[in-house]
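Chains as they are written, first to last, in the UniProt record's numbering: chain A, 1 to 286; chain B, 1 to 286. Here's the structure we're looking at; comments come further down.
There are 2 protein chains.
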Amino acid sequence: MAKSSETFWTEDPAEGLRVMPGFQLSDRATDATPGFQGRKAEATAALAEGATILSGLQEKLFANSRSGDNRKILLVLQAMDTAGKGGIVRHVVSAVDPQGVDHYAFKAPTDEERAHDFLWRVRRHVPGAGMIGVFDRSHYEDVLIARVRHLAPPDEIEARYGAINAFEQELIDDDTTVIKVMLHLSFDVQKDRLAERLDRPEKYWKYNPGDVDERMLWPAYQDAYQVVFDRTQTEAAPWYVVPADKKWYARIAVQHLLIDALSRMNLDWPAATFDVAVEKARLAAT
Amino acid sequence: MAKSSETFWTEDPAEGLRVMPGFQLSDRATDATPGFQGRKAEATAALAEGATILSGLQEKLFANSRSGDNRKILLVLQAMDTAGKGGIVRHVVSAVDPQGVDHYAFKAPTDEERAHDFLWRVRRHVPGAGMIGVFDRSHYEDVLIARVRHLAPPDEIEARYGAINAFEQELIDDDTTVIKVMLHLSFDVQKDRLAERLDRPEKYWKYNPGDVDERMLWPAYQDAYQVVFDRTQTEAAPWYVVPADKKWYARIAVQHLLIDALSRMNLDWPAATFDVAVEKARLAAT
Chain A
1 MAKSSETFWT EDPAEGLRVM PGFQLSDRAT DATPGFQGRK AEATAALAEG
51 ATILSGLQEK LFANSRSGDN RKILLVLQAM DTAGKGGIVR HVVSAVDPQG
101 VDHYAFKAPT DEERAHDFLW RVRRHVPGAG MIGVFDRSHY EDVLIARVRH
151 LAPPDEIEAR YGAINAFEQE LIDDDTTVIK VMLHLSFDVQ KDRLAERLDR
201 PEKYWKYNPG DVDERMLWPA YQDAYQVVFD RTQTEAAPWY VVPADKKWYA
251 RIAVQHLLID ALSRMNLDWP AATFDVAVEK ARLAAT
Chain B
1 MAKSSETFWT EDPAEGLRVM PGFQLSDRAT DATPGFQGRK AEATAALAEG
51 ATILSGLQEK LFANSRSGDN RKILLVLQAM DTAGKGGIVR HVVSAVDPQG
101 VDHYAFKAPT DEERAHDFLW RVRRHVPGAG MIGVFDRSHY EDVLIARVRH
151 LAPPDEIEAR YGAINAFEQE LIDDDTTVIK VMLHLSFDVQ KDRLAERLDR
201 PEKYWKYNPG DVDERMLWPA YQDAYQVVFD RTQTEAAPWY VVPADKKWYA
251 RIAVQHLLID ALSRMNLDWP AATFDVAVEK ARLAAT
């Protein structure tokens, strides 16, 4: 764990969440809380503490970009419906100054997007220097729903894994820290969460009949995720599988991954790019 | 004041801040706190209360967009350097779910942008349905710095006011509530704030020697703002001049303008666009 001021973790969760060679999704618990011994109340306190740390680190990242530091972060969020991608954005990413966040939610591709290579639309939303980019869904949909629903020929799907690795390597070469997160939810908890959306009128808008259609394909999606991990887990662009049955755990875990990535950058305030004494004199004369 | 749950205002500030026919910028105090009798401590409490209200209203706006409601908000922020645009984003806009915010900071136009009409780049960033768009600087730079620094021929500048009014009318016809805010700072307070940036190494990155160059043109900028108000104040796309010497006042005032705009929309949770009983049965069968 890079040095930071987080006090709630008993051990660094990152290594335990990270997908390593031989990883099997089906072996991973969806209700575990690796590295965290507290419960919801402690997680609430941890999230608040982490928000302050994250906000401070992000401001330094942003500040350095003004004097030429090209570094940026891309957080990729993938999951089955109701796993909590939106909650991560609302409760974790919201701690960061909106000026420093580039959030993009990928929907089904438009006709124009379909007329291009699958990475075309993704490239248009990669974060610039000093930014934290957040992809709510991503290019991985092109090997998840596309594979499960046969939206492209099998050889085209096969080719995409390599294309994704090459694309992410480009981002890394452009000083991007790539953090890929799969929120790992159980089939039963998804049912509970969908049922809640159908029970509460203020949640109807989050429900889509298509959610049940996708749910019926659950095993195929789990298989497709396993292939994603087998083919696109790289040292430079790691995947993290975050247990998501407990929303509070998933939030502090993803927050930690962001804090850890920023802490490893060893950010400090940038030096003045001007002569401070000269500028003080110029200002005094006005 | 539209009905809302805000409790800290003694009277609706919106009417007092709004630019009306005959408005003179030079008559407006920069250190007043119209509608608010408290001081900084009360403003902190008001900001926290308002954040909860704003967040709840925005979620309804967003939810309705999913079932075809086309409404959206565009907040335009204009000001002299150090007046607090960034603070508004960081402390007011940050209350809103990042998924519902479209923030864009306009810089000096690129070569590609310069090769097009001045509104070309602006159109690319207008908010979509359900979103709160925030422009940190805007098309008004094209009649502010462009006028003060003669970046375009006088007849071209003259033509832009009409183009801006037509453009904003288009946005309004597309169900956009347009809120234009000028943060009104005094010449002396700007000096203090620039001096602070030169005194504190963690603030150096916010300082640019060009800030003093612009400061030396202060009267010309005030005149250019006056022309903006004379020419682009409309009933449908009002300007609000918000005293900004006290940062805490400017923040709660802009927050109030957003809350007020959302309250006037009479938002409720959208009805289900599917048969709830049918969906419950489908889900139960999985």
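By construction, the Cβ of each residue, glycine as well, lies at the ideal position given by its N, Cα and C atoms.
Residue i (DSSP reduced to helix, strand or coil)
| i | result |
| --- | --- |
| residue 36 of chain A | coil |
| residue 221 of chain A | helix |
| residue 58 of chain B | helix |
| residue 278 of chain B | helix |
| residue 79 of chain B | strand |
| residue 262 of chain A | helix |
| residue 74 of chain B | strand |
| residue 13 of chain A | helix |
Chain-order list of residues whose beta-carbon lies under 7 Å from that of residue i (same chain, five-residue window excluded)
| i | result |
| --- | --- |
| residue 269 of chain B | 60 and 63 |
| residue 80 of chain A | 185, 190 and 221 |
| residue 148 of chain A | 217, 220, 221 and 224 |
| residue 67 of chain B | 270 and 273 |
Own chain residues within Cβ distance below 6 Å of residue i, not counting five before or after
| i | result |
| --- | --- |
| residue 189 of chain B | 245 |
| residue 122 of chain A | 139 |
| residue 277 of chain A | none |
| residue 105 of chain A | 136 |
| residue 252 of chain B | 43, 46 and 47 |
| residue 51 of chain B | 95 |
| residue 57 of chain B | 262 |
| residue 118 of chain B | 142 |
| residue 37 of chain A | 10 |
| residue 180 of chain A | 76 and 239 |
| residue 125 of chain A | 104 |
| residue 84 of chain A | 183, 244, 247 and 250 |
| residue 226 of chain A | 25 |
Neighbourhood of residue i by C-beta distance below 8 Å, restricted to the same chain and skipping five residues each side
| i | result |
| --- | --- |
| residue 19 of chain A | 229, 233, 238, 239, 240 and 241 |
| residue 298 of chain A | Any answer about residue 298 of chain A is impossible in this case: the structure gives chain A only from 1 up to 286. |
| residue 113 of chain A | 120 and 121 |
| residue 204 of chain B | 197 and 198 |
| residue 40 of chain B | 246 and 248 |
Subject >> Proximal residues, the segment 102-123 of chain B versus chain A, C-beta separation under 7 Å >> reply: 103 and 105
Original post:
Which residues, in order along the segment 65-90 of chain A, keep a beta-carbon less than 7 Å from a beta-carbon of chain B?
Top reply: 66, 67, 86, 89 and 90
**OP:** Enumerate, from N- to C-terminal direction, the unbroken beta strand (DSSP E) stretches of 3 or more residues contained entirely within the segment 89-167 of chain A.
**Re:** 101-105 and 132-136
Subject >> Complete alpha helix (DSSP H) runs within the segment 170-258 of chain A (minimum length 4 residues, chain order) >> reply: 187-199, 209-215 and 218-232
Original post:
Residues in the segment 41-53 of chain A with C-beta within 9 Å of chain B's C-beta atoms, listed in sequence order?
Top reply: none
Original post:
Counting pairs of Cβ atoms below 8 Å between the segment 231-240 of chain A and the segment 162-181 of chain A, do you hit three or more?
Top reply: yes
Original post:
Going along the chain, which residues of the segment 124-158 of chain B sit with their C-beta nearer than 8 Å to a C-beta in chain A?
Top reply: 134 and 136
**OP:** Tell me, please, whether the segment 244-263 of chain A touches the segment 27-45 of chain A by the rule of three or more beta-carbon pairs shorter than 8 Å.
**Re:** yes
**OP:** Decide if the segment 192-203 of chain A is in contact with the segment 259-273 of chain A; the criterion is three or more beta carbon pairs, one per stretch, under 8 Å apart.
**Re:** no
Subject >> Stretch-stretch touch, CB-based, cutoff 8 Å, three pairs: the segment 93-105 of chain A with the segment 88-101 of chain B >> reply: yes
Original post:
Does the count of Cβ pairs from the segment 67-75 of chain A and the segment 170-183 of chain A closer than 8 Å reach three?
Top reply: yes
Original post:
Can you list, in chain order, the residues of the segment 189-201 of chain A whose Cβ is nearer than 8 Å to any Cβ on chain B?
Top reply: 191, 194, 195, 198 and 201
Original post:
Quick one, which residues of the segment 210-224 of chain B are near chain A if we go by CB-CB under 8 Å, in chain order?
Top reply: 212, 215 and 216
**OP:** Below 7 Å between beta carbons is the criterion; list the residues of the segment 227-242 of chain B that meet it against any residue of chain A, in chain order.
**Re:** none
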